[in-house]
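In our numbering, the protein residues as written are 952 to 1515. Idealized CB from N, CA, C, for every residue including glycine.
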C-alpha cells in the first residue's frame, strides 16, 4: 500500500507541474506553482486522493490474477488445470476373433487395487483406434559393410481375417523403448533418405511403403476437447508433459499392396544411410501395434453440497470412495433440488449462458491450491429469479493425482468394460507420467490469454517462439528448458505459388538450434518436428508451412514439407 501511495503522490506532483504551466490562472487558485509553502488544504486533498487511488490499485492488483484466471477458464480452460498422468496401453484380440474391433475415444480402462489404499485408477482413451489381428513378429538389425543400416521387420496376421477387411491405411506403430532409443528409431524410420519395401512370402514382387511421423496437427491432443481451447497449443503441452504421445509413427502404402490369397505375413526391409549406435539392440517388443494413449481422467461425482446463499463460493469435496486420491479436473454437470418443493434445476456453464438472459441459472468453477500445493476446486452458483435453498449434485471429470504415477507399474492396467469389447485384453506398456501444473508465481495468465490470438505471422524472432514454448513447458525439467534455450534463430518468409492450377501461400520457416542441448540429433529432430507441426496449426486456413531445421555446429539440415 505504501508503494502505491508514494507512486500516486509522485504522479500528482508531475501532473500538477504540467497543469500549472499549461493553465497558470487555474493553477494559481490551487497554489500548484508556489515555490514557498504549499497550501495545507491542497496537500491534504492530494494525500487523500493518493490514499484512495492507492487502495483501488491494490485491490486491482490482488484481483487481477483471479480475473485473469476466470477469463482463461472461459477461453481456454485446460490452461488453468493440472495436466494429469498419461500412459500407453496395448489391446489384444481374443484368439477366436474374426474381425477387427474398434475402441472408441473415451473408453475407460482400469487398474484395480492400486497401492496401499487399494484404490481403482481409471484411464480413458484419447482417440479412436481399430484393433487388428496383426502384430510385429520379429524385428532384426543388419548393418552393412558400406556404413548403411538395414532393418528387417516381420508382420504376422491371424489366418481368419482377410487383408482387405483391416483398413491398413496409415497403420499406427508405437516405438516402445527408452527415450534415447525411441528418438533414434523415430529419426531413422521417418527419414526422407530411408527406403522401405514390402515383400510377401513366395513372391519376388516388392512394394514401396514408408514410415512417416504421425500428423499431429490434425489429431486430438491428450486432454479432452472443450470446443474453447486452441488446439494448436496442445502440441507443446503434450510434448513437454507427455512425450510418449510423440513416439508414434505411421506405416503408409499398405492400401496399395496386392495381397496374395492365403498369405498371413509380410516382411518390411528398411534401408537407410542413418545408423543406430552399436549398443542399440532391436527386437519385436520395440514396435507395437494396437496401442492407444490413455489419460488418467474419468467421470465421477463430487459430494453433494447445500446451497444456502451464505457463501460466495462452495468448495467441492471429491467422492470419499477414492480415499483422498481423487482430484477434480473439471466441473461438467450441476443439478439443484429445491429443499421445500423438490423441484429440480439444471445449471448451465457460464460460457453457455444465453445472451442478456438474466434468468439463466449458471455456474462456474475456481481452480486454486491449498497451502500444501494440493489442487482445490470451488463452485460459484447464480440462480435466475428468486433465490432458494437447494441440495446440489455435481458431476465432474476427475483424476487420481500423483497416486497413479506413484503406484502403477507396467501391466497393471488390465480391465476394460464394454459389451462391444468382450474378450479384448488390455495392458499398459508404459508407466503413468508425472502430473504437471503450470507455475503461477510469475502470473502467466495474461500471457496465456495474449497467445490465444497468435498466428504464425505474429512470431518475428526466436525470443517470441521461446517465450511461447516456455509458457507451455509445465514439466519443470532442466532438459526441456535447455531444449527451448537451444533456439539460436527463427525466420520465416511468405511465398506465393501455383499448385494444380490454384494460387497457394506457404510459409518457409528456418529454425537453427544448438545440438549440444539435446540427447542426440534424433532428439533435436523430434523437437523441430513438434515446432513444425505447431506452426502449421497456427497458420491461417489456406496457408501451408515448410520447415528447415539446422543443427549447429555441423550445419546438418532436416526439412519437413506440408503434408497433403
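Could you check whether residue j and residue i sit closer than 9 Å to each other, using their CB atoms as the reference points?
i	j	result
residue 1396	residue 1022	yes
residue 1340	residue 1278	no
residue 1479	residue 1492	no
residue 1148	residue 1158	yes
residue 1367	residue 1042	yes
residue 1243	residue 1033	no
residue 1109	residue 1215	yes
residue 1361	residue 1073	no
residue 1131	residue 1105	no
residue 1160	residue 1195	no
residue 1086	residue 1107	yes
residue 1383	residue 1400	no
residue 1114	residue 1198	no
residue 1466	residue 1438	no
residue 1045	residue 1177	no
residue 1002	residue 954	no
residue 1389	residue 1416	no
residue 1183	residue 996	no
residue 1174	residue 1425	no
residue 1343	residue 1258	yes
Taking its Cβ as the centre, do 16 or more other Cβ atoms sit within 10 Å of residue i, making it buried, or is it exposed?
i	result
residue 1000	exposed
residue 1080	buried
residue 1449	exposed
residue 1431	buried
residue 1498	buried
residue 1453	exposed
residue 1007	exposed
residue 1298	buried
residue 974	exposed
residue 949	Summary: the structure shown does not reach residue 949, with the chain confined to residues 952 through 1515, and so no result is reported for it.
residue 1328	buried
residue 952	exposed
residue 1412	exposed
residue 1156	exposed
residue 1241	buried
residue 1506	exposed
residue 1190	buried
residue 1330	buried
residue 1474	buried
residue 1172	buried
Can you give the beta carbon distance from residue i to residue j, rounded, assuming they're within the 8 Å contact cut?
i	j	result
residue 1403	residue 1181	6 Å
residue 978	residue 971	4 Å
residue 1103	residue 1200	17 Å between Cβ atoms; not a contact.
residue 1326	residue 1334	Incorrect: roughly 27 Å between the Cβ atoms, too far for contact.
residue 936	residue 1066	Residue 936 lies beyond the stretch modelled for the chain, which goes from 952 to 1515, so this question has no answer here.
residue 1112	residue 1151	Contact flag wrong, Cβ pair sits at about 16 Å.
residue 1251	residue 1222	At roughly 51 Å, the Cβ-Cβ gap does not stay under 8 Å, so residue 1251 and residue 1222 are not in contact.
residue 1282	residue 1347	6 Å
residue 1380	residue 1060	That pair is no contact at about 12 Å.
Helix, strand or coil: how does DSSP classify residue i here?
i	result
residue 1043	strand
residue 991	helix
residue 1231	coil
residue 1402	helix
residue 1471	coil
residue 1291	coil
residue 1423	coil
residue 1443	strand
residue 1316	strand
residue 1497	strand
residue 1453	strand
residue 1004	helix
residue 1489	helix
residue 1031	helix
residue 1298	strand
residue 1155	coil
residue 1417	helix
residue 1510	strand
residue 959	helix
residue 1334	coil
residue 1078	coil
residue 1409	helix
residue 1281	strand
query = Enumerated in chain order, which unbroken segments of the beta strand (DSSP E) with a length of 3 residues or greater are wholly contained in the segment 1105-1149?
reply = Listed in chain order, they are 1122-1126.
key: Entirely enclosed beta strand (DSSP E) segments - the segment 1355-1391, minimum 3 residues   = Runs of beta strand (DSSP E) with 3 or more residues, each lying fully within the segment 1355-1391, are found at 1376-1379, listed in chain order.
Length-filtered (3 minimum) beta strand (DSSP E) runs lying within the segment 1232-1267 = The qualifying runs are 1242-1246, 1249-1252 and 1256-1258.
key: Length at least 3, wholly inside the segment 1161-1224: the beta strand (DSSP E) runs in chain order   = Listed in chain order, they are 1199-1203 and 1216-1223.
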